[in-house]
Amino acid sequence: MQNQRNCYENVWILSGTSDGPPLVDSLLQLKYVVFASVVTHRAGKSYTKHPKLHIITGKLSNKFEIIDFLKKNQIKFVVDATHPFALIISENLNMACKEIDIPLLVLNRKSSFEKSNKFHYISNVKDINRKNLENKNILLAIGSRLLTDTASYYLNCGANVYARVLPTNESISKAFASGIKKSNIAILEPSKIREDVLEKKLCEFWNIDYVICRESGGYSQKNWERIISKSNMKLYLVKRPKLKNEYSVIFDQHNNLIEHIRREY
Numbered sequence: 005m006q007n008q009r010n011c012y013e014n015v016w017i018l019s020g021t022s023d024g025p026p027l028v029d030s031l032l033q034l035k036y037v038v039f040a041s042v043v044t045h046r047a048g049k050s051y052t053k054h055p056k057l058h059i060i061t062g063k064l065s066n067k068f069e070i071i072d073f074l075k076k077n078q079i080k081f082v083v084d085a086t087h088p089f090a091l092i093i094s095e096n097l098n099m100a101c102k103e104i105d106i107p108l109l110v111l112n113r114k115s116s117f118e119k120s121n122k123f124h125y126i127s128n129v130k131d132i133n134r135k136n137l138e139n140k141n142i143l144l145a146i147g148s149r150l151l152t153d154t155a156s157y158y159l160n161c162g163a164n165v166y167a168r169v170l171p172t173n174e175s176i177s178k179a180f181a182s183g184i185k186k187s188n189i190a191i192l193e194p195s196k197i198r199e200d201v202l203e204k205k206l207c208e209f210w211n212i213d214y215v216i217c218r219e220s221g222g223y224s225q226k227n228w229e230r231i232i233s234k235s236n237m238k239l240y241l242v243k244r245p246k247l248k249n250e251y252s253v254i255f256d257q258h259n260n261l262i263e264h265i266r267r268e269y
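Position 226, counted from 1, in the sequence shown is what the numbering used here calls 230; the numbers after and before it change by one each time, with no gaps.
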């Protein structure tokens, strides 16, 4: 049973829409007051309305803004469930929590799939051997930030480049400016169900040979692993950066993180 002293302590969660809602729901059931940070209003709609849930939209630029937020809202502990490649916010959270001695819990998701000779880890999005690229159909599922530079590299290698991007104004604009043919761009959300996966249909339609995505441990990576394990395609996973937040406690499962909160705080 939830300890009485913990019943209304404030927790701040920073997360995408895959991990955030289940973590928030679990904490609300334990009677915590939860602040959930999202980047867009659209992402905020993924959460159910609750009197003890406060949705915070927008970015905090540096550790000083984070410290101010922590103090203003009397946050007792922080959950960093952001994307593994979102290094700036994670580093700022680490510095801020360390400076004012607030517990920082990090969700570092892992894939549940076993190793396969169809899965290849690369350190950089451009690390596929050039000799294997001539006339190959490559699907980039790496987000929009590095899309132009990555697409240019593989086009110059003689590959046929395709991309899957999220349905946001920023992603679509960057995709259309990337040099990839518009007919080779798919705008869709990562599938969150096992059956009738859109990405599988897309790969079949485009006759994809290689898929490049980031090692996030989230829905997108798991979908690609599931699809490619049953196909003739190869998956190239860009290795996640190593965590530098020495102050934090790291978990790879939702339930372990929640149990730690319930037990310790």
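Backbone N, C-alpha and C define an ideal beta-carbon position, used for all residues, glycine too.
- Sequence-distant partners of residue 85 (beyond 5 residues in either direction) whose C-beta falls short of 7 Å from its own C-beta, in its chain, are 17, 18, 19, 23, 24, 27, 111.
- Counting along the chain, residue 230 sits inside the alpha helix (DSSP H) bounded by residues 223-233.
- Comparing C-alpha distances from residue 229 to each of 122, 139, 154, 135 shows the shortest one belongs to 122.
- Listed in chain order, the non-local C-beta contacts of residue 80 below 6 Å within the same chain comprise 13, 14, local neighbours out to five positions each way being set aside.
- Ranked by Cα distance from residue 176, the first of 191, 105, 162, 163 is 191.
- Residue 219 counts as buried, since at least 16 other C-beta atoms from the protein chains shown sit within 10 angstroms of its C-beta.
- A contact between stretches requires three or more CB pairs, one per stretch, nearer than 8 Å, and the stretch 95-110 fails this requirement with the stretch 126-139.
- Per DSSP, the unbroken beta strand (DSSP E) holding residue 238 starts and ends at 238-242.
- Secondary structure of residue 266 (DSSP, three-state): helix.
- Closest by C-alpha distance to residue 231, out of 242, 215, 221, is 215.
- The distance from the Cβ of residue 55 to that of residue 244 is about 36 Å, inconsistent with a contact at the 8 Å cut-off.
- In the three-state DSSP reduction, residue 61 falls in the strand class (E or B).
- Burial check for residue 226: the Cβ neighbour count within 10 Å reaches 16 or more, so the residue is buried.
- In the three-state scheme derived from DSSP, where H, G and I count as helix and E and B as strand, residue 51 is classed as coil.
- Contact check for residue 210 against residue 157 fails: the beta carbons are separated by 8 Å or more.
- Per the DSSP secondary-structure output, residue 160 pairs with nothing in a beta bridge.
- The beta carbon of residue 83 sits closer than 6 Å to the beta carbons of 17, 109 from its chain, once the five residues preceding and following it are set aside; these are given in chain order.
- Closest in C-alpha terms to residue 139, from the list 155, 159, 129, 128, comes 159.
- Closest in alpha carbon position to residue 240, among 255, 106, 217, is 217.
- Note on geometry: alpha-carbon atoms of residue 178 and residue 43 lie some 18 Å from one another.
- Secondary structure at residue 112: coil, using DSSP grouped into helix, strand and coil.
- Its Cα nearest to that of residue 254, the residue 114 stands out among 114, 207, 206, 208.
- Collapsing the DSSP output to three states places residue 155 in a helix.
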